Structure formats: structure tokens, C-alpha cells
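Asks:
Residue numbers (my numbering), protein chains in the order written: chain R, 1049 to 1325; chain H, 8 to 433.
(1) Taking 9 Å as the threshold (C-beta atoms), are residue 1266/R and residue 1101/R in contact?
(2) In its own chain, which residues sit with a C-beta less than 7 Å from the C-beta of residue 14/H, not counting the 5 before and 5 after it?
(3) Could you check whether the Cβ of residue 1101/R sits closer than 9 Å to any Cβ belonging to chain H?
(4) Report all residues from its chain with a CB closer than 7 Å to the CB of residue 1241/R; omit the five preceding and five following residues, and keep chain order.
(5) Verify the CB distance criterion: does residue 1194/R have a CB-CB separation below 9 Å to chain H?
(6) Run through DSSP, which three-state label would residue 1058/R get?
(7) Along the chain, where does the beta strand (DSSP E) containing residue 136/H start, and where does it finish?
(8) Using 9 Å as the limit for Cβ to Cβ distance, is residue 1067/R near chain H?
(9) Determine the chain R residues that contact residue 316/H at a beta-carbon separation under 7 Å, and present them in chain order.
(10) Just to make sure I have the definition right: I need the residues of chain H whose C-beta is within less than 7 Å of the C-beta of residue 1205/R. Which are they?
(11) Can you list the beta strand (DSSP E) stretches of 3 or more residues lying completely in the segment 1184-1238 of chain R, in chain order?
(12) Between residue 1148/R and residue 309/H, what straight-line distance do the alpha-carbon atoms span, to the nearest angstrom?
(13) In this structure, does DSSP put residue 1108/R in helix, strand or coil?
(14) Where in the segment 322-381 of chain H do unbroken runs of the beta strand (DSSP E), each at least 3 residues long, occur, reported from the N-terminal end onward?
(15) Enumerate in chain order the residues of its own chain whose CB-to-CB distance from residue 326/H is below 7 Å, with the five nearest sequence positions on each side excluded.
(16) Would residue 187/H count as contacting chain R if we go by Cβ distances under 9 Å?
(17) Quick one: using the 10 Å Cβ neighbour count with 16 as the cut-off for buried, is residue 122/H buried or exposed?
(18) How is residue 1289/R classed by DSSP in three states: helix, strand or coil?
(19) In chain order, what are the residue ranges of uninterrupted alpha helix (DSSP H) at least 4 long that sit wholly in the segment 150-179 of chain H?
(20) Using 8 Å as the cut-off, can you tell me whether the segment 362-374 of chain H makes contact with the segment 408-426 of chain H, which would need three or more C-beta pairs spanning the two stretches below that distance?
(21) Please list the residues of the segment 269-297 of chain H that have a C-beta atom closer than 8 Å to any C-beta atom in chain R, keeping them in chain order.
(22) For a test of the three-state rule: what should DSSP assign to residue 227/H, helix, strand or coil?
(23) In the DSSP assignment, the beta strand (DSSP E) including residue 251/H goes from what residue to what residue?
(24) Which bits of chain R does residue 319/H rub up against, with CB to CB less than 7 Å?
(25) Buried or exposed: which applies to residue 1125/R, given that a residue is buried once 16 or more other Cβ atoms fall within 10 Å of its Cβ?
(26) Taking 8 Å as the limit between beta carbons, can you name the residues of its chain near residue 431/H, skipping five residues before and five after?
(27) So, with DSSP's three-state summary, where would you put residue 1307/R?
(28) For a test of the three-state rule: what should DSSP assign to residue 1122/R, helix, strand or coil?
(29) Can we say the segment 345-353 of chain H touches the segment 232-244 of chain H, given the rule of at least three CB pairs closer than 8 Å?
(30) Using the beta-carbon count (16 or more within 10 Å), is residue 1026/R buried or exposed?
(31) Where residue 130/H and residue 34/H are concerned, what is the direct C-alpha to C-alpha distance, given to the nearest angstrom?
(32) Which residues, in chain order, does the segment 302-315 of chain H contribute to contact with chain R at a C-beta distance below 7 Å?
(33) For the segment 177-223 of chain H, which segments carrying the alpha helix (DSSP H) assignment without a break, of at least 4 residues, lie completely within its bounds, in sequence order?
(34) Roughly how many angstroms separate the alpha carbons of residue 1202/R and residue 1227/R, rounded to a whole number?
(35) Alpha carbon to alpha carbon, how far is residue 170/H from residue 355/H?
(36) Contact criterion: CB-CB distance below 9 Å. Does residue 1140/R meet it with respect to chain H?
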């Protein structure tokens, strides 16, 4: 494991009043790798994401992000939108698109900060500066490339809220990618997808990892997705890391099987079956 | 026609609903219409007016029946037709139509049959159109329900009134200052309410609007209190005044060698507000297509998603408040200059409500909808003047009908700010 660390989570602890949602979690994400976070319901997976992306302030812990070519930053000290600017993009468990805006607009809004600079905080844009028009063309180009990739080119001008569920999921990932992140955090991207759609999702995720060379953090219940795409898996239970390693290692770890299924011998189901519920 | 067959109604449920509504009407009408007081022999006396009560309840019964039937048969058809019309209203395709409309507005004062009263009324409509467009930034685009918009209107008006009367500033010199001061107040109000949304925001902004009015009423040394400020300078055309007694080289009628007429000033004011309103429209249409405009709309749709994409919600909200307030300030300065006199009376809550009604009635975020709604709201009471005491009743009825027919506003179809270039041009 000589690859550089992209995200280094050390001693992350998050308490809500007396409840410890995450306890002393250590976690590493690398470039060109998909790191899956799995665990039973209520294990604290989404809380980890919320700490990473600044929606919660961690009680204890250091979250350092070192994007190649940029200075190392500490996420626990930053506001949510600053973290996004530093290169952490995320999707949400319950899809959060801009439903009344068109599909294309959703992808353009993701490139807000670049466009804002090019429009000189709207002054140049109001006067119709060439620099802004050029940047807007570029942004539309990026968006249309992503639309091609997720196969939504034909509905670019439709309201995003009118899309079918699976398309909305992919659009949310594309929107996160349009903000040109170094680390992409996906919160249950396969939730509610059928097996064909989750197959497409697999290839989309692998494509993003291989072509863009960014790190991906993935929360997922669908074990097909987890086993097929992830390079390493971290298992949480009751806010505690109980296992980590490659997918095969983790799936054979008795502690993991315990966490999902209770004491061994009680039930003959495999971990895969547990994932599918 | 399929629709009407599918949605078959049964007569008993119709009657049931009509009776229910009539019962409510009876309870309401009993104290409102049913009792009448008069001066009897032993002081104040009262009697029943059963006839009137019966008429009112019957009217409600029949009206409700007609409404239900009309809805079941025609609402779908009309709605579909209307939606098709709105969707086909493409600014690019209809450029000639819009150009002709604007051209007509420019020659309005010189059209036959148009007198001083009509031009004055058009000026009033345009003030509300401009206010509607300004508030559209805050409510329609950024989705921040602002019930105290009149505060910025007042700030703009008083800024110019004070600059003009105390420091002898001209209208054109103080117009930008009025806008800037109003924008500053927009930020001042915006800052504490950043975390609020929806109803809570509406209540706080309502309070802010009242604070401004109460301060203006009570701080007599500063604003003249309830007496207001009189003798506010009128706008001038490059220094030319529209008064009879102005020095020769500074008066409009002398300069152009025509007889003095009071109409000149009315017409000039009309052109000033027409240009100001068109500038507002141009600005809003343009900024909607810029990143900041899209960020406002995105913020209205989902604030958390905005944050996750690196959009600074504080700056985005404050800029919406500031720009919306700025146009309110411009309109306020114009209002002060047009009337020559202002007092806190002109800036009561009802004004905020009317402006908000214009935006909502027009369809949130729709520029052309604001024009229709402002015309309707300002003109309807004027046109119904002959019905004198019943006009507010008709006005209310018209509002209820519109809300029944199109609860989302007259022109509520949203057009994307950016579209994918056509395949063949790629």
C-alpha cells in the first residue's frame, strides 16, 4: 500500500448528548480506490459522511484531506460548503436534486464556483463578458459529457424531478462529479435500484475510479455492488470499526457475520443473503 | 370529453357539499348581513333581515353548485389550453409580439382617447410591476418568503425625500443612493434571518417591515413623523423642470417653446418609471441566467444540496435580499418624487401584501406573470369604481377565482435558464 493517502480519518468520535454514534474510528481512503463502508442499520455510516462533509462537527478527531498538488486541509475545521470546495462531493441517501430545475441546470449549478469567478461575481456576466460565455460553454460541455455517460442526453431540458428514480440516482452522482471532486462520497447509491440498474451503477463507479483517478467512499447495503467494486471494505457496528480489509477477507470475518446475523450457528444464511435481506 | 365521463359525479354528494357550504355561509352571514341596527325610540335597536340572509345563502348554494359542475366539466379543458399557451410563450419566438407591446407602451401617452388619468394609472401600475419584479428575486427565485418588502420601498422613498429636502439633491443624483441604502437594509435584515425559512422567515420580515414604519412614525426629528415630508423635488429632464414658475432657462416649456401644461410632468413621470421598470426586467432576466441566479433557484429547491456543491448559502441569500431591496429602493425614490409628499401611511403592511399577492398571483418567478397580476390588482379596483362599495367584494371574488383555477399562479411555467445546444450545431 504505497499509494498516497487521500483522506485520513483519525480517532473520529461523534456524540449526540449521551449517545456515541461513532467511537474512535480510523479510516483511510486512497486515490483510485473505492472504499466501502458497510454495517447494519444504525451503525453510524451516514454519520461518518455527515462528519466528513461538514454537516456535523465531530466531537473528537482529525479528518485530513490531501489532494495531490494542493495543501493538506483539515476538514473538521471547515464549513460544509468550504469542504465541498476543497474537493469532497457527496450524494444523499434520500436523493437531493433541484427538482424544478432542468437536468442540465442541475449539472451547471454544480460548477457554480468556477462560473461565478468567470462572471466576476456577476458583474462581467451582466455585461456579457467573453470570458464568462467561454466558461459557460465549457461548463455545458462538461455537463453534456456526463449526460452522455449516464445516458440522459435526451432529457437534458426536462425538470429533474420528473425523472424516474434510477435516473435521479445517476444524475445525482453525475452532479457530484461535475463539481470536480477529489473524493466522492456516495450514500447508498444502489438503494431502490433493480439488478440491471445496479449493474450499470457498478460500471459507472469503476469508470469514475479508473478514468478520473479519484477516491470513492461508498455506503452500501447491496452486497453485489460492495463485493464487485470495492477495493477495501470497512465494517461498522454500533459506531465501532469491527473489521477492515479486502471484500473477501471481510466477508469471511466471523465478527462481521456476527454483527449481521447474531451468534454463529443460529442461522445458516451467508453474509450475501443478509445484504439482500 | 373522456375526462368528463370518467369523473362522473353523483347528485347526492353535490347536494351534500352545497348544503354544507350554505350552512357555513349562514353562520357567517347571520352577524354580517342578518342583523341591522337602527336608532329606535329607546336608543340603539336592532332587527333581523331574513330576506337578505336568504338571498346570500341561496347565492352561495347556487354558486357552489355551479362551481362544482364547472370544475368537473371545464377546468381540465381550460387548464390544458392555458398551459399549452404559456408553454408556447417563448421569448425568442415571440420577440415581435414583445417588441410591439413595449412600443405601444412607449406611445401610450400620445394615443387618442388617452388622458391624464390613464397615464397616471399606468404609472401606478408600472410602480407595482417594478416592485413585483424586485420581490420576484427574493420570493420567486430565491424562495425566501418576504412579507416586509414595503420596508425597502419606504427606505428608498425616505432616503430620497431627506436628501432632496434637506440637502437639495436632485432625483437622478439620489436614485442610486436610495437603491444602495435600501440594499444595505436588505443585508441588515437578511443577516439575522439567514437560518430561517418559510413561515418563520415570513413572520420576522413582517416584523421588520413594521419596525421601519413605526420608527418613521415616531422619530419626528428625523422623518417628520406622521406629518411626513412634503416638498420633495420632482424629477427633471437634464435639469429642465416641469413647473410653471421655474426660471426660463430651466423650464421644460420654455426650452422647447411650447405652452405650459400640467400633462407634461405626468407623461414624463410615466416615461421615467417605464424605463426604470424595463431596466429592472432586463436585469432580472439576465441575472437569472447567470450562476448567481441559478444558485438562488437551487437554494430555493434544496439548501443542503447547495452546500454540498460548494455554494456559499450566506452570500447567496444576502445577495438576493440586497438586490431585491435595491429595486424596492429605486421604486420608493420614484414614488416619493412622483407624489412630492410621503408619510408612513403609504408604507403599511397592506402594501407588502399587495406586492406579494402580485408575485404569487403571477406565478412565482414569472416575469410576464407579474405584469398581468399587477395590472389586474391595480386596475380592477379602478375599473370597478362605479360599483363603489362593492368593488372590494368583486376584487376578492376575482382573487378567489384565480386561486381556484390556477393555484400555482397565472403564468407558472418555468423555462430552463440554459439548454443543451442542438445536436447539429455541435
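Think of the CB as a built atom: it goes at the ideal place given N, C-alpha and C, for glycine as much as any other residue. Just so we're clear, the structure is a prediction, and the values are computed from it rather than from any experiment.
Replies: Reading it off the structure:
(1) Locating residue 1101/R in the first chain gives position 53, counting from the first residue. Locating residue 1266/R in the first chain gives position 218, counting from the first residue. For residue 1101/R and residue 1266/R, no; Cβs fall outside 9 Å.
(2) Taking the second chain and counting its residues from 1, the one referred to as residue 14/H is at position 7. Unreliable placement is indicated for residue 14/H, whose pLDDT of 49 sits below 50; the coordinate value is still reported in the next sentence. 79, listed in sequence order.
(3) As a working mapping, residue 1101/R is identified with position 53 in the first chain. True, the Cβ-Cβ gap to chain H drops below 9 Å.
(4) The residue given as residue 1241/R occupies position 193 in the first chain. Its chain contains 1214, 1217, 1249 as the residues whose beta carbon lies nearer than 7 Å to that of residue 1241/R, once the 5 sequence neighbours on both sides are disregarded; these appear in chain order.
(5) Numbered from 1 along the first chain, position 146 holds the residue referred to as residue 1194/R. Not an interface residue.
(6) Counting from one through the first chain, the residue named residue 1058/R turns up at place 10. It is a strand residue.
(7) In the second chain, residue 136/H corresponds to position 129, counting from 1. Going by DSSP, residue 136/H is part of no beta strand (DSSP E) but of the alpha helix (DSSP H) stretching over 123-142.
(8) One-based indexing of the first chain puts residue 1067/R at position 19. Interface residue (Cβ-Cβ distance to chain H less than 9 Å): residue 1067/R is not classified as such.
(9) To locate residue 316/H, count along the second chain from 1; it is residue 309. Result: 1132, 1157, 1158, 1160, 1227.
(10) Taking the first chain and counting its residues from 1, one reaches residue 1205/R at position 157. Going along chain H in sequence order, the residues near residue 1205/R (Cβ under 7 Å) are 423, 426, 427.
(11) Those beta strand (DSSP E) runs which fall completely within the segment 1184-1238 of chain R and span 3+ residues are 1231-1235.
(12) Against the first chain, residue 1148/R aligns to sequence position 100. Against the second chain, residue 309/H aligns to sequence position 302. Their Cα atoms are separated by approximately 10 Å.
(13) Position 60 of the first chain holds residue 1108/R. Judged by DSSP in its simplified three-state form, residue 1108/R adopts strand.
(14) Unbroken beta strand (DSSP E) stretches of 3 residues or longer found wholly inside the segment 322-381 of chain H: none.
(15) The residue labelled residue 326/H in the question sits at position 319 within the second chain. Excluding sequence positions up to five before and after residue 326/H, its CB lies within less than 7 Å of the CB of 299, all in the same chain and listed in chain order.
(16) Looking up residue 187/H in the second chain gives position 180. No, residue 187/H does not count as interfacial toward chain R.
(17) The residue labelled residue 122/H in the question sits at position 115 within the second chain. Residue 122/H is exposed by the Cβ-count criterion.
(18) The count along the first chain starts at 1 and reaches residue 1289/R at position 241. Strand.
(19) Listed in chain order, they are 157-173.
(20) They touch, by the three-pair rule.
(21) Correct list: 290, 293, 294, 297.
(22) For this step, residue 227/H is matched to residue 220 along the second chain. The answer is helix: DSSP assigns residue 227/H an H, G or I state.
(23) The residue you call residue 251/H lines up with position 244 of the second chain. Membership of residue 251/H in any beta strand (DSSP E) is not indicated, and neither H nor E is assigned to it by DSSP.
(24) In the second chain, counting from the first residue as 1, residue 319/H sits at position 312. Result: 1129.
(25) Here residue 1125/R is taken as the residue at index 77 of the first chain, counted from 1. In summary, residue 1125/R is exposed, with fewer than 16 beta-carbon neighbours lying within 10 Å of its beta-carbon over all protein chains present.
(26) Taking the first residue of the second chain as position 1, residue 431/H is located at position 424. At residue 431/H the pLDDT is 43, less than 50, meaning the model places this residue with poor confidence and gives no usable figure here.
(27) Mapped onto the first chain, residue 1307/R falls at position 259. DSSP places residue 1307/R in helix when its eight states are reduced to three.
(28) Position 74 of the first chain holds residue 1122/R. Residue 1122/R sits in a strand when the DSSP states are folded into three classes.
(29) Yes, the segment 345-353 of chain H touches the segment 232-244 of chain H.
(30) A question about residue 1026/R goes unanswered here, because the residues of chain R that appear run from 1049 up to 1325.
(31) For the purposes of this step, residue 130/H is taken as the residue at position 123 of the second chain. For the purposes of this step, residue 34/H is taken as the residue at position 27 of the second chain. Here the C-alpha atom of residue 130/H lies approximately 42 Å from the C-alpha atom of residue 34/H.
(32) Residues of the segment 302-315 of chain H with a C-beta atom less than 7 Å from some C-beta of chain R are 302, 304, 305, 308, 309, 311, 312, 314, 315, listed in chain order.
(33) Residue ranges of uninterrupted alpha helix (DSSP H) with 4 or more members, entirely inside the segment 177-223 of chain H and ordered along the chain, are 178-197.
(34) Your numbering for residue 1202/R matches position 154 in the first chain. Your numbering for residue 1227/R matches position 179 in the first chain. Spanning the alpha carbons of residue 1202/R and residue 1227/R requires a straight line of approximately 22 Å.
(35) By 1-based counting over the second chain, the position of residue 170/H is 163. By 1-based counting over the second chain, the position of residue 355/H is 348. If you take the alpha carbons of residue 170/H and residue 355/H, they lie about 22 Å apart.
(36) By 1-based counting over the first chain, the position of residue 1140/R is 92. Yes, residue 1140/R counts as interfacial toward chain H.
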